[in-house]
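K.L.:
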Amino acid sequence: MTAPFTDHRTAGYPAAEAPGPTPPPPRQPPGSAERGGHESLGDLISEITGDLSRLVRDEIELAKAEIKQEATKAGKASGMLAGAGYAGHMAVVLGSLTVVFALAAVMPPAWAALVVTALWALAGAVLWSTGRKRLKDVRLKPEQTVQTLKEDAAWARHPMS
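To convert, take the position in the sequence shown, counting from 1, and add 12; that gives the working numbering.
1) Label valine 118 either buried or exposed according to how many other C-beta atoms from any shown protein chain fall within 10 Å of its C-beta, with 16 as the threshold for buried.
2) Looking only at its own chain, which residues have a Cβ that is under 6 Å from the Cβ of proline 154, when we skip the five neighbours before and after it?
3) For the alpha helix (DSSP H) holding alanine 89, just list the boundary residues, first then last.
4) Does DSSP put arginine 146 in a helix, in a strand, or in coil?
5) Would the beta-carbon of leucine 115 fall within 8 Å of that of valine 127?
6) Rounded to whole angstroms, what is the Cα-Cα separation between phenylalanine 113 and arginine 151?
7) Alpha carbon to alpha carbon, how far is arginine 66 from alanine 166?
8) Excluding five sequence neighbours on each side, which residues of the same chain lie with their C-beta closer than 6 Å to the C-beta of alanine 83?
9) Give me, in chain order, the residues of the same chain whose beta-carbon lies closer than 8 Å to that of tryptophan 123; leave out the 5 immediate sequence neighbours on both sides.
10) Can you tell me where the alpha helix (DSSP H) with leucine 176 in it begins and where it stops?
11) With a cut-off of 8 Å on the beta carbons, I'd call serine 108 and tryptophan 132 a contact; round off their distance for me.
Here it is as structure tokens:
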């Protein structure tokens with residue numbers, strides 16, 4: 013005689029106590045049992061606003077999670093860029109020392125260091141001057157956006173014109 017097939021997950025449990033998710037009971041609209049299935053307009057509006065409120069909360073939570081994930085990725089990328097900047101800085105310093113030592117083979121080391129320092133000072137002065145000129149051209153006020161907002165406000169005041 014063979015035993016009937018039993019699922020190993022539910023073996024030893026009575027049928028009502030089997031582990032695992034159980035489906036939720038069917039949802040009854042508020043007040044439907046006492047009025048024979050008819051809901052009032054107030055109940056329907058209340059249910060709609062509740063559903064809308066839950067939807068907005070869920071969307072906000074999703075947006076928060078998405079922003080947090082993107083901020084984490086941006087932070088990691090920024091750290092990598094900072095590391096690259098530091099590595100570039102070290103390459104410039106060590107390259108400058110190499111130039112100093114190479115020039116020291118043909119002139120006194122102090123003069124070689126002075127020549128390299130003067131070249132870096134000249135490069136810094138050119139970059140500072142150029143950056144300052146370009147910074148004067150920067151307009152922080154978003155001119156096009158301000159203009160379109162003015163047009164939108166005018167249209168809102170007189171939508172038919």
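The C-beta atom is built at its ideal place from N, Cα and C for all residues, glycine as well.
P.N.:
Concretely, from the data shown:
1) It counts as exposed.
2) Non-local C-beta neighbours of proline 154 in its own chain, meaning closer than 6 Å and more than five positions away in sequence, are absent.
3) Segment 53-116, the alpha helix (DSSP H) holding alanine 89.
4) In the three-state scheme derived from DSSP, where H, G and I count as helix and E and B as strand, arginine 146 is classed as helix.
5) With contacts defined by Cβ atoms closer than 8 Å, leucine 115 and valine 127 form a contacting pair.
6) Distance from the CA of phenylalanine 113 to the CA of arginine 151, rounded to the nearest whole angstrom, comes to 46 Å.
7) Cα to Cα, arginine 66 sits roughly 36 Å from alanine 166.
8) Around alanine 83, the same chain offers no residue with a beta carbon nearer than 6 Å, after the five sequence neighbours per side are excluded.
9) So the list reads Leu115, once near-sequence residues are dropped.
10) An answer regarding residue 176 cannot be provided, because it is not within the stretch 13 to 173 covered by the chain.
11) Beta-carbon to beta-carbon, serine 108 and tryptophan 132 are separated by about 7 Å, close enough to satisfy the 8 Å threshold.
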